[in-house]
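Below is one structure, written out as structure tokens, with a few remarks after it.
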Amino acid sequence: PEDQQFFNTAQAVAQMRSELLQTVARHDPVLALDFLRATRLPHPEAFQGQGNWLLNQEQMLEASLAGQVAAQDPRQAFNVAEESLSRGVTTGLLGVLRQLNAKDPASASKLVADIVQKLRSEDLRENGESSGVALQLLTMTRPAEASPSTPQTQALPVNGPSVVFGDGPGAFVSNGGARSSNSLSIEQQTRADLIEKIITAAMSVQPNRGGTYPLYNALKALMPELEKSAPARVAALRQRAATIESGFNPQGDVWKPYQELMQKGTVEAMLEAAPKAPAEVRDNLYMNAAWKAFNDGGDPERARQIVDNISNPQQRAQARKNIDQQLQWRAAQQGNFAEARQMASRLPTVEEKVTALVQIAGAASSKGDKQTALQVLAEARGLLDGQAHGYAQFTAWLQIASAYAPLDADASFALVES
503 PEDQQFFNTA QAVAQMRSEL LQTVARHDPV LALDFLRATR LPHPEAFQGQ GNWLLNQEQM
563 LEASLAGQVA AQDPRQAFNV AEESLSRGVT TGLLGVLRQL NAKDPASASK LVADIVQKLR
623 SEDLRENGES SGVALQLLTM TRPAEASPST PQTQALPVNG PSVVFGDGPG AFVSNGGARS
683 SNSLSIEQQT RADLIEKIIT AAMSVQPNRG GTYPLYNALK ALMPELEKSA PARVAALRQR
743 AATIESGFNP QGDVWKPYQE LMQKGTVEAM LEAAPKAPAE VRDNLYMNAA WKAFNDGGDP
803 ERARQIVDNI SNPQQRAQAR KNIDQQLQWR AAQQGNFAEA RQMASRLPTV EEKVTALVQI
863 AGAASSKGDK QTALQVLAEA RGLLDGQAHG YAQFTAWLQI ASAYAPLDAD ASFALVES
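Position 191, counted from 1, in the sequence shown is what the numbering used here calls 693; the numbers after and before it change by one each time, with no gaps.
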């Protein structure tokens, strides 16, 4: 169901939970991990249209805690990492790998193999995090005899049972070779598969996609190895790297073809383009069309109709809320204080009502209508019943006190002292 408070509430809760987990983890990472897993965020599907930012944050936090747990309980850390991996590849798994490798190299080797297996089903061209992990795994599994100062080292065929090796601080020597104490082991074929996955993705990645830059860096890092292991492929790969580099544009991404349309296009043009646009762009086209209808066309009803096309229910609810807030603000700025107060009364929470009333009072004060401003602030003050319950209402109480300051200093001080 639609919930206009969902994103704000979820973000606030997630922030407090993260701070608590980090505090606990400094003393007992196992307890912190148990707490995290016992307090999963509800309704994860709601974040799909938001780039999954909160879900990704959850996985990163879990992987970070697993890395800290590894020092005390490598087996538990491995199990947590595997569970996290089942939901997707994140850079947080790299920290777990490093910690596991120090305590339980066999588990680290198993985890790296499982990560590579998971990467096989990932589209490295679009997923910047997955392609970044693939690049880091190349570095972490390089041979012990290599060093950053000796870029051209042992190289074996890419397309056979052997693997290309290169330089780097992490290391692996196959076939019973000596490994350095900080090396991370990987089967030759597993690393060969990883390299082929990277090359295949790099050969077809389009400019300014999520994985373009990591894949470009991976090609550059592999080039010295490929010069020895697969020289016949080097020319084409070097040309491909040059082509990718020439397409770099800090401002270019999937949005670029639609930027001018969003800035200068008509409502009709955006509505025509939206159904054919990529999923990550479509809702934003509808959002921009709605705001253009609202701001330029002065047609809030049409704006609401356009908002109905937004696929994500939470974004849709937020857009409707923003339209209502703008209507209330306009009414206040135009001196229609009774209308603005009526709109404020329909807001769902006390905190939102207080914020709206404080804004209305400010508008009245700026127009020299002190009497209305004080009446509105008295209404806001009454909503809190003389006391603030919780952080949000305490903040609202301070808003009222601040708004009183230029109108009635004594009342402002009394509110602060209470």
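We put the CB at the ideal spot given by N, CA and C, even for glycine.
query, result
"Residues near E526 by beta carbon distance below 8 Å, same chain, minus five either side", "Reading off the sequence shown, one finds Val at residue 526, where the question assumed Glu. These residues qualify, in order along the chain: L533, A534, F537."
"Cβ-Cβ separation, G597 to G569 (assumed contact under 8 Å), whole Å", "4 Å"
"DSSP-derived helix/strand/coil call for L782", "According to the sequence provided, residue 782 is Glu. The question's Leu does not apply to it. Helix."
"Coarse secondary structure for E919, derived from DSSP in three states", "helix"
"Integer Cβ distance of A866 from T874, believed to fall under 8 Å", "4 Å"
"Separation of A792 from E803, as counted between CA atoms", "10 Å"
"Separation of A779 from G749, as counted between CA atoms", "22 Å"
"CA nearest to the CA of T592, picked from L696, E560, W899, Q708", "E560"
"Closest residue to V860 among E770, D798, A880, T851 (Cα-Cα distance)", "A880"
"Counted within 10 angstroms of its Cβ, other Cβ atoms place D798 as buried (16 or more) or exposed", "exposed"
"Rounded straight-line distance, which links the Cα of Y715 to that of K758", "17 Å"
"Neighbour flag for A875 against chain B, beta carbons, 8 Å", "Absence of chain B from the displayed structure is noted, only one protein chain being present."
"Among A898, N838, L563, nearest to Q517 - alpha-carbon criterion", "L563"
"Whether A834 touches I808 by CB criterion (8 Å)", "no"
"Sub-8 Å separation of L686 and A610 beta-carbons", "yes"
"Alpha-carbon to alpha-carbon, T692 and N719", "20 Å"
"Distance between beta carbons of A734 and L721, contact taken as under 8 Å", "Not confirmed; about 16 Å, so no contact."
"Straight-line gap, L773 to D801 (C-alpha atoms, nearest Å)", "16 Å"
"For E774, three-class secondary structure by DSSP", "helix"
"Three-state secondary structure (DSSP) of D912", "helix"
"Proximity to T851 [Cα-Cα], best of V582, R843, F580, L885", "L885"
"Helix, strand or coil at G767 [DSSP, three-state]", "coil"
"Nearest neighbour of E698, chosen from P709, N710, L717, R711 [CA to CA]", "L717"
"Nearest residue (CA-CA) to H529, options V571, L626, N838", "V571"
"Boundaries of the alpha helix (DSSP H) in which F580 is found, first to last residue", "576–588"
"Collapsed DSSP secondary structure at E560 in the structure displayed", "helix"
"G594 vs A565 beta-carbon contact at 8 Å", "yes"
"Where A834 sits in the DSSP three-state scheme", "helix"
"Rounded separation between A819 and A907 - CA only", "35 Å"
"Cβ distance (whole Å) where G712 is taken to contact E841 below 8 Å", "Incorrect: roughly 46 Å between the Cβ atoms, too far for contact."
"Same chain, Cβ closer than 7 Å to V783, five either side skipped, listed in chain order", "V756, W757, Y760"
"Boundaries of the alpha helix (DSSP H) in which S633 is found, first to last residue", "630–642"
"Selected residue, minimal CA-CA separation from Q828, among L599, A846, Q601", "A846"
"Exposed unless 16 or more other CB atoms sit within 10 angstroms - verdict on K855", "buried"
"Residue nearest to A512 in terms of C-alpha spacing, selected from W899, Q816, Q524, V736", "Q816"
"Among A583, T745, Q836, the one whose alpha carbon lies nearest that of K620", "A583"
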